[in-house]
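Chemist:
Numbering (the working numbering), first residue to last: 3 to 365.
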């Protein structure tokens, strides 16, 4: 029997028809093996029934508290409304990693992104998405942050649970052999100038013109009194690894990104739709990690209308179900409540966003 382990079960099952029953079956399975289990719907919600944002904040608090009480997370990485996993789930994985939890994901399809994304087109030797961006990590099943932070199992929740149990057994043997590796949590590795440091958690990282685009964004931030770091910048303390091993390279990129999150004071994230109706997984992960580390958080999107207006659905008579039968959240926010309840979200051009962020920080 497993002892002293508490799992947080993450995924969009709450949006499925009969999803709570599915969650309950996973919970019972984990408990059978001796795990404690935390779910976002465990605690009674404390909210104003006339205020949808109050409900959103209450659910977020439950998720936060449940992750805080856990030792590991098992997350559903199935694609959701497009080619990306559910953004709220990836946010929770970022929170879990930031708190030092064991991180596991599962999927029925662990084929490379380059195979799974059906809308790519070649320009010369470069594969581009529908928006003209270079597709990253073509030989990996998911983004660098997910591959770097998680052990990803091809299969079901039950399969991931078995791998988790096997890892605990191996850890017990290492302890008995006095070979336990102590994992050091990285500190901030850049000098402080006295100005707030903003991390640009954005999609420009995938552009072949990333350096030029980030230079222009940094100039805007500089005018408003901020220093800035970008995903394409090297992170002091993290070696830039030259390798043709795609998994080693993915971990190296992830190591850089997570160090940038630790080094910043503020995260400014582009949560615009990415290959569907969900945000990019690297960005979603970084937001969740930033929350766990207590960073100030801001975001922007191309379309800031509420989800029930952005995502085609059956409307109130049909329970706001999308084309796949998934519930579309109705919290007066443009995307999953994990983002809407934890960070200010703006629309407009980049300088307008920075102006709004600067004004908010002065309040």
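Think of the CB as a built atom: it goes at the ideal place given N, C-alpha and C, for glycine as much as any other residue.
Predicted model, so just to flag it, every value in this text is computed and none were measured.
Within its chain, find whatever has a CB closer than 7 Å to the CB of residue 216; leave out the 5 residues flanking it on each side and keep chain order.
Modeler: Counted from its first residue, the chain shown places residue 216 at position 214. These residues qualify, in order along the chain: 202, 206, 232 and 234.
Chemist: Which residues share a DSSP beta bridge with residue 434?
Modeler: Past the edges of the chain, shown from 3 to 365, lies residue 434, and the structure says nothing about it.
Chemist: Locate the beta strand (DSSP E) running through residue 123, then write down its first and last residues.
Modeler: As a working mapping, residue 123 is identified with position 121 in the chain shown. Residue 123 -> beta strand (DSSP E) spans 123-125.
Chemist: Give the DSSP bridge partners of residue 269, in chain order.
Modeler: Here residue 269 refers to the residue found at position 267 of the chain shown. 201 and 299, per the DSSP bridge assignment.
Chemist: Determine, using beta carbons only, whether residue 272 and residue 285 come nearer to each other than 9 Å.
Modeler: By 1-based counting over the chain shown, the position of residue 272 is 270. By 1-based counting over the chain shown, the position of residue 285 is 283. Yes, Cβ-Cβ distance for residue 272 and residue 285 is below 9 Å.
Chemist: Run through the DSSP bridge pairs and tell me what residue 348 is partnered with.
Modeler: The residue you call residue 348 lines up with position 346 of the chain shown. In the DSSP output, where bridge partners are listed per residue, residue 348 has 302.
Chemist: Grab the span of the beta strand (DSSP E) containing residue 334 for me, first residue to last.
Modeler: What you label residue 334 is simply residue 332 of the chain shown in a count that begins at 1. Taken as a continuous stretch (DSSP letters only), residue 334 belongs to no beta strand (DSSP E), as it is neither H nor E.
Chemist: Residue 60 and residue 47: beta carbons closer than 9 Å?
Modeler: Numbered from 1 along the chain shown, position 58 holds the residue referred to as residue 60. Numbered from 1 along the chain shown, position 45 holds the residue referred to as residue 47. In contact: residue 60 and residue 47 (Cβ atoms closer than 9 Å).
Chemist: Relative to the alpha-carbon of residue 269, which residue among 130, 360 and 58 has its alpha-carbon at the smallest distance?
Modeler: The residue labelled residue 269 in the question sits at position 267 within the chain shown. Per the Cα distances, 360.
Chemist: Could you pull the start and end residues of the alpha helix (DSSP H) that residue 108 belongs to?
Modeler: By one-based count along the chain shown, residue 108 stands at place 106. Unbroken run through residue 108 is the beta strand (DSSP E), 104-109; no alpha helix (DSSP H).
Chemist: Starting from residue 342 and walking both ways along the alpha helix (DSSP H), at which residues does that stretch end?
Modeler: To locate residue 342, count along the chain shown from 1; it is residue 340. Residues 339-342.
Chemist: Just confirm the distance between the C-beta atoms of residue 74 and residue 30, as a whole number of angstroms; I'd bet it's less than 8 Å.
Modeler: For the purposes of this step, residue 74 is taken as the residue at position 72 of the chain shown. For the purposes of this step, residue 30 is taken as the residue at position 28 of the chain shown. Residue 74 to residue 30, Cβ: 17 Å. No contact.
Chemist: In this structure, does DSSP put residue 240 in helix, strand or coil?
Modeler: Against the chain shown, residue 240 aligns to sequence position 238. If DSSP states are grouped into helix, strand and coil, residue 240 belongs with coil.
Chemist: Between 161, 100, 309 and 293, which lies nearest to residue 188 when the distance is taken from Cα to Cα?
Modeler: Within the chain shown, residue 188 is the residue found at index 186, counting from 1. Of 161, 100, 309 and 293, the residue nearest in Cα terms is 100.
Chemist: Is it true that the segment 245-264 meets the segment 159-173, where meeting means three or more beta-carbon pairs spaced less than 8 Å apart?
Modeler: No, because fewer than three Cβ pairs between the segment 245-264 and the segment 159-173 fall closer than 8 Å, the two stretches do not touch.
Chemist: Could you give the first and the last residue of the continuous beta strand (DSSP E) run that contains residue 74?
Modeler: Sequence index remark: in the chain shown, residue 74 carries index 72 (1-based). That run of the beta strand (DSSP E) goes 74-78.
Chemist: Since residue 156 sits in a beta bridge, which residues does DSSP pair it with?
Modeler: Here residue 156 is taken as the residue at index 154 of the chain shown, counted from 1. DSSP output for residue 156 lists 109 as bridge partner(s).
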